[in-house]
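In our numbering, the protein residues as written are 30 to 501.
In this text, a Cβ means the ideal position worked out from N, Cα and C, and glycines have one as well.
Encoded as structure tokens, the structure appears first; notes follow it.
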Ligand code: SF4
Ligand code: SF4
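Listed below in structure tokens is the structure:
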């Protein structure tokens, strides 16, 4: 029985409800009048139900599909402006006791190099990340109570926040580790994490169990209810994600929206972010054996429909995607991207030798952070290294109310300019600095409140004189 308020995974993600939505969407894929009704509702920018979004996803009417893409762009602009927040993943350890069939870190893979960063390694890696200009990290680690217990993760977080190299600092550490207990989520909260991210991989219970044949991750309910436990432990911001390619994309698209509705209804705040990774080639993993791969057009449609359905949720795309694909989805709703990522354990301070490959997946976008920043600016986006909200206590429902009233953009935009100026001063190549300074000048005029503009100008001057870390 479907119940979005239930605390049971199989009730808030009801298979019966998803199947019924998919059948309904297929039945109406050419129903102009229904599509138009849903689009009218979507134009109010207050989101759509999972059922309505599933109908738009299946829409087969060309001019209405154009409207869907156009609306996604408008919503993106209205809520988030043209800033794109930058982050980098940091893999702490690839020891893992789970048997996930799509991940080279699965326990039975005996030929991948197993590594775990020591605290000294972390200092080296994070210093290298700071020297690129990164301020925001997403920590990744396999599940292994012996090699990666919570104490190890907490120690790593503590080390990372303590590293101050030249003008560098990691100001926000997001964490992507296995589903765990309320007590351990409390410890993460106390350690000062930003968002707790956990990907569902697929919401289809039977396929989920097949794809996770061994290890604690096999337990569908424990995994799916993890965000609830994290929020009960006081973590305000949680991130969702599915791995497109594992299962029927329509199913997982509907499932992730139901999960978002559940968090909003039962916990009072929807997800902070939704990630949209696609399956990639990796050691011991051949994407051809998974026959649910999606093409770039479908991927773009998914991004646009998520943006319309949950305007209040940030969307993340990683370097799994090529430059070309990232360009396409950026203006359809993506708010955060990774840059210059290494998906191996270590690899920022020093390139990994081929024979020691510990990467989780192949990266499609191999450019440096300076190149990614320049590329974004050339497309008129403002790359942002902002971490202000979490540090100003704007999390959970406080953050959501600012976002829903479209006020957050008044913080995002000037903060993007300030943090970009820091990047230009400290890390950019001459060419990037040149383009960036012109962009900042132009973007200052977009700030409509004269007091905010004056303050932003004052902060920018101070940054040029060597001061750091201003924020709105
Ligand atoms: Fe381990 Fe995560 Fe890879 Fe599964 S996806 S094998 S849990 S690292
Ligand atoms: Fe993110 Fe808040 Fe900064 Fe905007 S102001 S970019 S929402 S941290």
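Closer than 7 Å: residue i CB and nearest ligand 4 heavy atom
i, result
"residue 125", "Judged by which ligands are present, ligand 4 is missing from the structure shown, whose ligands are ligand 1 and ligand 2."
Rounded straight-line distance, which links the Cα of residue j to that of residue i
i, j, result
"residue 464", "residue 470", "10 Å"
"residue 124", "residue 62", "53 Å"
"residue 268", "residue 259", "11 Å"
"residue 173", "residue 115", "29 Å"
"residue 213", "residue 467", "46 Å"
"residue 314", "residue 146", "24 Å"
"residue 332", "residue 107", "16 Å"
"residue 326", "residue 180", "43 Å"
"residue 255", "residue 30", "21 Å"
"residue 245", "residue 492", "48 Å"
"residue 159", "residue 448", "13 Å"
"residue 400", "residue 409", "14 Å"
"residue 515", "residue 138", "There is no way to answer for residue 515, as the model of the chain reaches only from 30 to 501."
"residue 183", "residue 216", "8 Å"
"residue 505", "residue 46", "The requested residue 505 does not occur in the structure, where the chain is confined to residues 30 to 501."
"residue 218", "residue 263", "7 Å"
"residue 382", "residue 434", "50 Å"
"residue 351", "residue 395", "9 Å"
"residue 110", "residue 457", "23 Å"
"residue 495", "residue 487", "13 Å"
"residue 43", "residue 99", "31 Å"
"residue 446", "residue 373", "31 Å"
"residue 24", "residue 204", "Nothing can be reported for residue 24: it is not among the residues displayed for the chain, which extend from 30 to 501."
"residue 144", "residue 134", "11 Å"
"residue 131", "residue 241", "9 Å"
"residue 122", "residue 384", "17 Å"
Within-8 Å CB hit, residue i to chain B
i, result
"residue 391", "No chain B appears in the structure shown, which is made up of a single protein chain."
Cut-off 8 Å between Cβ atoms - residues of its own chain near residue i, not counting five sequence neighbours on either side
i, result
"residue 426", "265, 297, 298"
"residue 334", "82, 85, 86, 97, 101, 282"
"residue 152", "188, 192"
"residue 432", "108, 341"
"residue 455", "162, 195, 196, 197"
"residue 65", "93"
"residue 113", "359, 363, 364, 365, 366, 405, 410, 411, 412, 413"
"residue 356", "408"
"residue 460", "403"
"residue 57", "63, 64, 84, 87"
Segment limits, beta strand (DSSP E) that includes residue i
i, result
"residue 64", "Premise fails: residue 64 lies in the alpha helix (DSSP H), 61-71, not in any beta strand (DSSP E)."
"residue 120", "112-122"
"residue 217", "From DSSP, residue 217 is part of no beta strand (DSSP E) but of the alpha helix (DSSP H) over 211-219."
"residue 191", "Element bounds for residue 191: not the beta strand (DSSP E) but the alpha helix (DSSP H), 179-191."
"residue 201", "201-205"
"residue 169", "165-170"
"residue 146", "Neither: residue 146 is in no beta strand (DSSP E) and is coded neither H nor E."
"residue 269", "267-270"
"residue 411", "411-413"
Cβ shell of residue i (< 7 Å), same chain only, five flanking positions each side left out
i, result
"residue 443", "476, 481, 485, 501"
"residue 367", "116, 117, 118, 347, 348"
"residue 261", "211"
"residue 150", "375"
"residue 71", "77, 100, 337"
Unbroken alpha helix (DSSP H) run spanning residue i, endpoints
i, result
"residue 479", "479-493"
"residue 401", "398-407"
"residue 299", "Taken as a continuous stretch (DSSP letters only), residue 299 belongs to no alpha helix (DSSP H), as it is neither H nor E."
"residue 430", "425-433"
"residue 84", "79-87"
"residue 55", "44-56"
Residues near residue i by beta carbon distance below 6 Å, same chain, minus five either side
i, result
"residue 201", "165, 223, 416, 419"
"residue 94", "88"
"residue 285", "269, 271"
"residue 378", "153, 154, 157"
"residue 49", "none"
Point to revise | Segment contact, 8 Å Cβ cut-off, at least three pairs: the region 325-341 with the region 384-402 | key: no
Practice item. Would you mind listing the alpha helix (DSSP H) stretches within the region 449-475 that are 4+ residues and don't spill past its ends, in chain order? Key: Taking only runs of at least 4 residues, the alpha helix (DSSP H) segments lying wholly in the region 449-475 are 459-473.
Review point. Should the region 269-280 be regarded as contacting the region 228-239, the criterion being three or more beta carbon pairs within less than 8 Å?
Key: yes
Point to revise | Ranges of the beta strand (DSSP E) found wholly within the region 301-375, counting only runs of at least 3 | key: 302-304, 343-346, 365-367
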